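Report on the following structure.
2 protein chains.
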Amino acid sequence: MIEKQKLKPISGFPEWLPEVRMVEQAWIDRIRGVFESYGFAPIETRSVEPVEVLLKQGDTDKEIYALRRLMEEEASASEADYALHYDLTVPMARYVAANLNDLTFPFKRYQIQRAWRGERPQEGRFREFTQCDIDVVDTRDIPLHFDAEMPAIVYEVMQALDVGPTVTRINNRKVLEGFYRALGVEQPHEVIRIVDKQDKIGPDGVSKMLTDELSLDGATIGKVLDLARVTGTKADVVERVRALGITGDLLEQGLDELHFVMKALESYPEGAFVADLSVARGLAYYTGTVYEVKFADDPSFPTICGGGRYENLVGSMLNKHLPGIGISIGLTRIFSKLVREGRIAPTRKTPTQVMVCYLPDASYEAVNGVARTLRARGIKTELFHEPRKLKQQLAYASNKGIPHVWFPAVGAEGKHEVKTLATGAQADADPESWLPEG
Amino acid sequence: MIEKQKLKPISGFPEWLPEVRMVEQAWIDRIRGVFESYGFAPIETRSVEPVEVLLKQGDTDKEIYALRRLMEEEASASEADYALHYDLTVPMARYVAANLNDLTFPFKRYQIQRAWRGERPQEGRFREFTQCDIDVVDTRDIPLHFDAEMPAIVYEVMQALDVGPTVTRINNRKVLEGFYRALGVEQPHEVIRIVDKQDKIGPDGVSKMLTDELSLDGATIGKVLDLARVTGTKADVVERVRALGITGDLLEQGLDELHFVMKALESYPEGAFVADLSVARGLAYYTGTVYEVKFADDPSFPTICGGGRYENLVGSMLNKHLPGIGISIGLTRIFSKLVREGRIAPTRKTPTQVMVCYLPDASYEAVNGVARTLRARGIKTELFHEPRKLKQQLAYASNKGIPHVWFPAVGAEGKHEVKTLATGAQADADPESWLPEG
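Taken in sequence, the protein lines are chains U and Y. Terminal number for the first sequence in the UniProt record's numbering: 438, no gaps in between. Terminal number for the second sequence in the UniProt record's numbering: 438, no gaps in between.
Below is the structure:
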């Protein structure tokens with residue numbers, strides 16, 4: 001017997017009952033469907049990467065899980081160097097760098113896979129979670145059309161999953177960096193890192209950090225906060241940035257890009273995509289367009305999708321020019337929220353569409369034959385394998401949410417009958433032609 | 001830049017190019033389809049279990065990977081106690097024990113998930129691999145019909161995957177234990193452990209180990225080897241065991257069960273299922289029917305599927321009676337063999353069915369409109385996002401194996417045309433009605 005304690009859930013490692021997993025699985029199928037409809041090809045990467053590869057990239061303040069062989073007395077040097085990946089972007093970048101000569105560019109991949117972080121679990125934060133990513137990597141400059149298409153694909157996914165209204169906040173790192181540089185700031189990435197915290201600590205907190213950590217003067221901080229206040233649902237939002245009176249080549253390039261992306265998304269419902277100049281994204285590797293998606297009706301809930309353009313992440317592994325752009329859907333974060341709020345309402349504990357009863361006066365060969373006939377016709381069919389009382393067999397079907405039960409014909413004169421449990425309706429049926437509802 | 005070394009494959013952690021992953025993904029979809037057609041519901045378990053849970057079960061001589069938080073100076077007690085699971089059976093047993101009151105029994109689940117073992121990689125053995133498992137667990141005795149249905153489902157999967165001829169070898173632990181006990185052997189499980197090695201070390205090796213390790217006498221070893229020589233494709237194979245002249249209640253019960261299972265499988269092609277009294281399965285937890293599946297044309301290749309009946313694995317976690325039966329498909333082992341042998345012949349690097357060209361004299365809105373129309377009709381449609389030379393766009397489509405390219409109409413008078421790359425055929429097409437081949 002195992003200690004009861006050992007059977008308990010492990011904080012941050014979610015698991016679902018079968019009826020909930022069936023819904024999550026249906027979500028994943030729909031996400032795959034949307035990704036494939038845009039021509040993204042699936043890959044999976046191994047779950048582990050060399051620690052060096054993980055630490056050299058953006059997210060180095062996140063805790064990661066290294067592997068250790070349990071039975072080995074001394075840590076094997078090679079294995080101690082591997083750790084579970086904390087996202088799917090860095091493994092994808094490594095995969096592209098490793099398979100450069102075998103891939104066709106632009107390389108468009110989707111990846112639906114688990115990732116791990118050794119963080120303290122809290123609302124929306126898990127230690128093991130599933131991400132659904134799309135990325136494009138090319139050996140030459142990637143056209144801006146992709147910057148507009150990526151969030152549109154994710155918007156379509158959110159619609160397909162029916163998760164409620166979302167808002168995709170869009171910004172451009174060139175605008176931020178160009179603006180800060182034009183103000184005379186020498187460490188624009190440090191300002192970006194601090195502005196990224198505005199959602200959590202507010203403008204006053206940002207102001208204090210910019211003073212304390214970067215010793216920026218009041219006028220500069222005022223402009224930084226002015227920029228972070230700019231939002232707009234249309235492409236002309238860039239004029240509000242220009243109205244702040246700061247100019248510079250990088251800033252102008254960023255504003256042109258932001259204008260292009262917002263313009264390309266104008267056909268979507270108003271408010272679905274918002275240019276928000278306070279959006280920074282913490283990761284160091286973004287260089288242009290950045291996105292984050294939130295629940296429109298729960299803005300304090302963490303970001304549910306995020307991404308952006310990274311010119312150097314892949315190429316830095318090889319000293320080549322390999323720009324990329326991608327976006328990641330935090331499936332576990334979204335799904336677990338809806339589960340917690342009771343918005344996932346599973347009705348069935350099994351995919352079975354019809355259960356064939358095995359009654360004491362029937363032959364197993366005959367009832368199994370009915371099941372095989374139905375299955376061969378694509379109907380998900382379960383056989384009750386024991387000739388128990390009918391009441392018990394029906395209770396099983398009902399408890400699992402199986403919609404139909406089949407009573408096989410007995411004897412040469414007998415007729416097959418099917419009962420629909422929801423309505424109680426019962427009728428003659430032919431295994432060669434009957435079709436289930438649902 | 002990352003050391004070249006760090007970009008290399010890690011031995012035992014396979015990865016596939018997109019075109020190969022597409023085939024593997026299609027395999028998984030087909031496996032899911034077969035499992036669901038028999039009424040198995042999907043679950044996923046977390047990737048980690050308490051070390052104690054993993055070590056108390058059968059496979060304790062396998063190396064396992066424990067987790068270690070990288071940045072923490074001192075190992076956190078709680079986290080050091082977790083390790084990656086090495087199969088899906090033990091996690092399933094823990095899941096059932098933990099969720100006992102929320103599951104409907106008989107609980108029938110499938111699980112397609114990765115597992116990890118810290119073994120030295122060799123042919124067919126990986127450190128990270130995907131298993132596809134089905135199991136039934138009940139709170140009361142499980143009817144023998146399941147013992148026949150489980151290998152039949154796996155046979156159907158192997159047919160669906162077209163992996164070539166396989167043979168499912170079937171035995172029953174009660175036959176082995178009953179036979180050995182009737183011979184006066186006091187440690188029948190030790191004999192089972194040694195007989196399990198016969199595939200690798202041959203009958204002489206088994207004989208030597210039985211002498212050296214268990215001090216069995218020659219006559220007893222002779223009978224043990226006699227039993228291990230019995231095979232047969234029909235239910236009457238049990239008579240050949242009885243002809244060895246050994247009797248006992250447990251042995252008779254096992255022979256009746258083996259007879260039942262072989263009889264129930266007689267409608268399948270001869271040789272697909274073979275009773276083989278040398279099959280032992282190494283795991284301690286099996287108590288009745290055991291299976292292993294091999295490639296019929298490559299018997300020295302390791303077992304590709306394995307499983308059996310375990311009366312006490314789940315219940316032992318709770319001190320309850322919770323018998324189970326299951327079988328596991330070694331997807332990575334099977335798939336990687338076929339890849340290595342060149343029997344996976346991918347033709348496409350993308351799911352895209354048609355690529356819409358973006359020619360310099362077209363408007364992006366118009367070509368994007370065509371793509372959206374096609375996509376809305378369920379056609380996987382990729383848009384070439386840059387108005388590059390037609391030749392370059394066609395080369396991209398051809399390199400990725402995209403079957404069709406679409407030339408959007410230009411101007412009010414223009415007509416849409418579609419070219420099929422394999423044949424070179426080109427024809428007028430309407431985005432509202434055109435259908436791709438393949």
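Positions of the beta carbon are idealized from the N, C-alpha and C atoms, including for glycine. Computed from a predicted structure; not experimentally measured.
### Query
Under 9 Å between C-beta atoms, does residue 149 of chain U make it to chain Y?
Taking Cβ atoms only, chain Y reaches closer than 9 Å to residue 149 of chain U, which makes this a yes.
### Query
residue 380 of chain Y: buried (16+ other C-beta within 10 angstroms of its C-beta) or exposed?
buried
### Nearest to residue 150 of chain Y (by Cα), restricted to the options Y:344, Y:131, Y:347, Y:38
Nearest Cα to residue 150 of chain Y within the set Y:344, Y:131, Y:347, Y:38: Y:38.
### Query
Which whole-angstrom value describes the C-beta separation of residue 421 of chain Y and residue 436 of chain Y, a residue pair presumed to lie in contact below a C-beta threshold of 8 Å?
Wrong, their Cβ atoms sit about 12 Å apart, outside the cutoff.
#### Entry: Reduced DSSP category for residue 171 of chain U - H, G, I as helix; E, B as strand; rest coil
strand
### the segment 343-360 of chain U / the segment 387-402 of chain U touching (three or more Cβ pairs under 8 Å)
yes
### Message
Which residues in chain U have a C-beta closer than 9 Å to the C-beta of residue 85 of chain Y? List them in chain order.
### Response
Going along chain U, no residue has its Cβ under 9 Å from residue 85 of chain Y, so there is no contact; the nearest lies around 12 Å.
### residue 132 of chain Y versus residue 116 of chain Y: straight-line alpha-carbon distance, rounded
Answer to the nearest angstrom: the Cα atoms are 14 Å apart.
### Message
For a cutoff of 9 Å on Cβ pairs, would you count residue 429 of chain U as touching chain Y?
### Response
no
#### Entry: Candidates Y:424, Y:334, Y:358, Y:423: closest to residue 163 of chain Y by CA position
A check of alpha carbon separations from residue 163 of chain Y across Y:424, Y:334, Y:358, Y:423 identifies Y:334 as the nearest.
### Message
Considering just the uninterrupted stretch of the beta strand (DSSP E) at residue 382 of chain Y, what are its terminal residues?
### Response
Here the beta strand (DSSP E) through residue 382 of chain Y covers 381-383.
### Task
Taking C-beta pairs closer than 7 Å, name the residues in chain U that residue 99 of chain Y reaches, listed in chain order.
17
### Query
Taking C-beta to C-beta, are residue 166 of chain Y and residue 294 of chain Y nearer than 9 Å?
yes
### Query
Mapping DSSP to helix, strand and coil, what is residue 116 of chain U?
strand
### Query
Ordered along the chain, which non-local residues of its own chain (more than five positions away) have a Cβ less than 8 Å from that of residue 253 of chain Y?
174, 178
### Query
Does the segment 353-365 of chain Y come close enough to the segment 375-389 of chain Y to have 3 or more Cβ pairs within less than 8 Å?
yes
### Message
Can you give me the C-alpha to C-alpha distance between residue 269 of chain U and residue 233 of chain U, rounded to a whole angstrom?
### Response
10 Å
### Message
Based on DSSP bridge pairs, tell me the residues matched to residue 110 of chain U.
### Response
U:42, U:134
### Message
Whole angstroms are fine: how far does the CA of residue 423 of chain Y sit from the CA of residue 307 of chain Y?
### Response
48 Å
### Limits of the unbroken alpha helix (DSSP H) element including residue 476 of chain Y
What the structure shows of chain Y is the stretch from 1 to 438, and residue 476 of chain Y is not part of that stretch, so it cannot be assessed.
### Query
Since residue 420 of chain U sits in a beta bridge, which residues does DSSP pair it with?
U:404
#### Entry: Alpha carbon of residue 47 of chain Y to alpha carbon of residue 17 of chain Y, nearest angstrom
24 Å
### Task
Drop a sphere of 10 angstroms on the beta-carbon of residue 160 of chain U, count the other beta-carbons inside from all chains shown, and report buried for 16 or more, exposed for fewer.
It is exposed - the Cβ of residue 160 of chain U has fewer than 16 other Cβ atoms within 10 Å.
### Query
So residue 100 of chain Y packs on residue 257 of chain Y, CB below 8 Å; how close in whole Å?
Not a contact, Cβ separation roughly 27 Å.
### Message
Is it buried or exposed, residue 272 of chain U, if we count other Cβ atoms within 10 angstroms and call 16 or more buried?
### Response
buried
### Query
Using the C-alpha atoms, what's the distance from residue 260 of chain Y back to residue 124 of chain Y?
33 Å
### Task
Compare the C-beta of residue 378 of chain Y against all C-beta atoms of chain U and say whether one is closer than 9 Å.
yes
### Message
Threshold first: 4 residues or longer. Then list the alpha helix (DSSP H) segments lying entirely within the segment 210-298 of chain U, N to C.
### Response
218-228, 237-242, 249-264
### Message
What does DSSP give as the partner residue(s) for residue 436 of chain Y in the beta ladder?
### Response
Note: residue 436 of chain Y sits in no beta bridge, so no partner.
### Query
From the beta carbon of residue 262 of chain U, is the nearest beta carbon of chain Y less than 9 Å away?
no
### Task
Give the DSSP-derived three-state secondary structure of residue 49 of chain U in the structure shown.
strand
### Message
At the 9 Å Cβ level, is residue 51 of chain Y part of the contact set with chain U, yes or no?
### Response
yes
### Query
Is the segment 87-100 of chain Y close to the segment 88-96 of chain U, with three or more CB pairs under 8 Å?
no
### Query
Taking the C-alpha atoms as reference points, what is the distance between residue 281 of chain U and residue 433 of chain Y?
43 Å
### Query
What does residue 305 of chain U pair with, by DSSP beta-bridge criteria?
U:293, U:329
### Message
Rounded to whole angstroms, what is the Cα-Cα separation between residue 370 of chain Y and residue 3 of chain Y?
### Response
45 Å
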